[in-house]
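Protein chains in written order, with my numbering: chain X, 8 to 294; chain B, 136 to 396. Step one of this worksheet: look at the structure below.
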Amino acid sequence: MSWFKPAPVRRCASVQQESPRAGGGFLPAAPHTHITVRGLYKTFAGAPLYENLNLDLPKGKIVSIFGPNGCGKSTLMNMIAGLIPLDRGEILFDGKTLKETVIGYVFQNYREALFPWLRAVDNIAYPLRRMGLGASEVKARVDELIASFEIRFDLQRYPYELSGGQQQTVCIMRALAARPEVLFLDEPFSALDYEMTLFIREKLQDIYMKSGVTMVIVSHDLEDAVFLADKVLLLTRRPTRVAEFMSFDLARPRTPASMSDPLFVSTKASALEVFQREVKASPLSSA
Amino acid sequence: MCSQERYVPKKFEFGQLLPFIGPIALFVFWYVAVSAGWVNKVLMPSPVDTIHHLFDALANGDMMGDIDTTFMRTMIAFGIAAAIGVPLGIALGSSEPAYRSVEFLIDFFRSTPSSALIPLFLLIFGITDANKIAIASFAAVLVILFNSAYGVMHARKTRILAARVMGANSWQIFRDVLLLESLSQTFVGLRNGISITLVIVIVAEMFIGSESGLGHRIIDAQQILNVKDMYASILVTGALGYALNLVFMLIEKRFIHWSGK
């Protein structure tokens, strides 16, 4: 089984490789794990951000990451997605390295993430062309995405001619084009108004229910964080640890009415409680 | 080109006339100043006479040769400057250490009025056409290079990351993102570059022994106090500069449609 196999540690030259059995160096992953994070170290501006973080993110679930300001929610996700280097540690996807894994990433700032010189449809096709697919295969996949997203606006337009919600929809379609194993979303709603937030949330849930793709969402809004999630990863102040990895098993599809469901209310309340406890905790007492 | 706008015949609006108010006011003021005798008629002809002379000179082909010469010198000098400045700027911009190591030289010579270098260029090239073109190219190349380099260096980091996450390698990121991203800034450089080229070509035509070109014509007319021809030539020079700038703005609008959006 791949997750029992101690894998080579990506490390700096100065760091000794730990024996797989020594201390925290070897932790078997929980069943149905997709992403394993082992022995993750990261310093930020000279101060430790993550020290020996171990984490198992489940396969085919939506995980939201939430925590106090500056705890490094985005940093954690960006390290997993390979946008930021780790100081030390290992991250595997079903036992594979990032290089062997297809991922999708949706940025917070859709305006800066899309290519304004390409029409929306060519933005969506970009990762497919990068993979070297032929024109007919690209078209087939793009048409498939258009159908499953029930797109009603003109994708022949340029991104700057679309509304914010439409642009973020294009970003999500582009991220999903290459059929990623994991879809990362960095505060995907924070630049959208509430109407668009509800719309994109529904689309994401729809896509998730159709494809079962593993999703990791960073959010600074507790309602957003809980609403879509199967699991809410609550982080502490820095040096950041996992405060709680909470489950939220409300049946799908969840609708805006689900926000008054007792399970949603109670999960959100207990997440808020953990959050407030962690915000109040002095950064020193947790060291 | 890309939007859904269709041409709709608009009702006449007063706002459309606003751009003409300034030039008309200037001509009226010029006319009044001359006819009221505020200025010496020997030094300044009336605008009507000047325009009349201008059309005569254009119609009988007398001025066309000079316009043609100045235009050709400007285009050759600009072409050389662009051919060197854009690729070199993009190359330097892609490597920040490389740019930093020559940044002082670029900024120093960019800040040096190129006309101050005319004697130096005279020593190297002598009183030739090549001299005029060389100095104008030199003046423009640094502005073009500087803007292209900054266009690359200031590429949106998110866009580069997005391309990387989608599996683009360094060359593909350069071709698909950095190059396109730098285009609007490159056009700023090209637009400034062509203006500077024209300025230096005119100056060079005035002061580096010359038998043709608008600069030569202006200084010649001044020497023999042919003021009508002098003013007419100045107007043509201005129109040439304005037209070149306009052409670049139109090209930019057409091809860099995302600029500023």
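Just so it is clear, CB atoms sit at the ideal spot from N, CA and C, and this is done for glycine as well. Predicted model, so just to flag it, every value in this text is computed and none were measured.
Residue i, DSSP secondary structure in three states
i      : result
X/R126 : coil
X/A54  : strand
B/H187 : helix
X/I91  : coil
B/E340 : helix
B/F213 : helix
X/K103 : strand
X/D228 : coil
X/D268 : coil
X/R208 : helix
X/E168 : helix
B/E387 : helix
X/I158 : coil
X/N252 : Note on residue identity: the sequence assigns Phe, not Asn, to residue 252 of chain X. Note: X/F252 maps to strand in three-state DSSP.
X/R45  : strand
B/G150 : helix
X/T221 : strand
B/L257 : helix
B/I241 : helix
X/E97  : strand
B/I359 : coil
X/T305 : For residue 305 of chain X there is no data in the structure shown, the boundaries of chain X being 8 and 294.
X/N59  : strand
X/T262 : coil
X/F196 : coil
Contact check, residue i vs residue j, beta carbons under 8 Å
i      : j      : result
B/M290 : B/L325 : This sequence places Ala at residue 290 of chain B; Met is not what is there. Against a cut-off of 8 Å, the Cβ pair of B/L325 and B/A290 comes out as no contact.
B/Q320 : B/Y285 : yes
B/A216 : B/G348 : no
B/I275 : B/T185 : The sequence given here has Ala at residue 275 of chain B, not Ile. Their beta carbons are not under 8 Å apart, which means B/A275 does not touch B/T185 by this criterion.
B/R294 : X/F122 : yes
X/G111 : X/L64  : no
X/V223 : X/V189 : yes
X/K275 : X/L229 : yes
X/L242 : X/V249 : yes
X/V113 : X/P195 : yes
B/A339 : B/I253 : yes
B/Y166 : B/V183 : yes
X/M138 : X/A185 : yes
X/A236 : X/V44  : no
Neighbour flag for residue i against chain B, beta carbons, 8 Å
i      : result
X/P260 : no
X/F114 : yes
X/P92  : no
X/E119 : yes
X/A198 : no
X/F51  : no
X/I110 : yes
X/F122 : yes
X/G31  : Note that X/G31 has pLDDT 44, beneath the 50 cutoff, so the model's placement of it is unreliable and the number below is only indicative. Answer no: the Cβ-Cβ gap between X/G31 and chain B never drops below 8 Å.
X/A37  : no
Residue i classed as buried or exposed, judged by whether at least 16 other C-beta atoms fall within 10 angstroms
i      : result
X/Q283 : exposed
X/K80  : buried
B/G350 : buried
B/F147 : exposed
B/P222 : exposed
B/I268 : buried
B/I343 : buried
B/S230 : exposed
B/I225 : buried
B/Q201 : Residue identity differs from the one stated: residue 201 of chain B is Asp in this sequence, not Gln. B/D201 should be labelled buried.
B/P306 : The amino acid occupying residue 306 of chain B in the given sequence is Trp; Pro does not appear at that position. Flag for B/W306 reads exposed.
X/T82  : buried
B/V382 : exposed
X/V272 : exposed
Residue-chain proximity (residue i, chain D), Cβ-Cβ < 8 Å
i      : result
B/Q307 : The structure shown contains no chain D; the protein chains it does contain are X and B.
Closer than 8 Å to chain X by CB, residue i
i      : result
B/R389 : no
B/L325 : no
B/G172 : no
B/G302 : yes
B/W393 : yes
B/R291 : yes
B/K176 : no
B/K396 : yes
B/R294 : yes
**Request:** Compile a chain-ordered list of the residues in the stretch 128-147 of chain X whose CB is closer than 8 Å to at least one CB of chain B.
**Result:** Of all residues in the stretch 128-147 of chain X, Y133, P134, R137, M138 have a Cβ within less than 8 Å of some Cβ in chain B.
**Prompt:** the stretch 164-177 of chain X: which residues have C-beta closer than 9 Å to a C-beta of chain B, in chain order?
**Reply:** Against chain B - using a Cβ distance shorter than 9 Å - the residues of the stretch 164-177 of chain X are R164, Y165, P166, Y167, E168.
**Request:** Taking only beta carbons into account, state which residues of the stretch 222-248 of chain X come closer than 7 Å to chain B, listed in chain order.
**Result:** Of all residues in the stretch 222-248 of chain X, none has a Cβ within less than 7 Å of some Cβ in chain B.
**Asked** Using Cβ-Cβ distances below 7 Å, what residues of the stretch 230-260 of chain B are close to chain X?
**Response** For the stretch 230-260 of chain B, which is checked against every Cβ of chain X, not one residue is closer than 7 Å.
**Asked** Relative to chain B, which residues along the stretch 73-106 of chain X have a C-beta separation below 9 Å, given in chain order?
**Response** Those residues of the stretch 73-106 of chain X placed with their C-beta closer than 9 Å to a C-beta in chain B are N85, A88, G89, L90, ordered along the chain.
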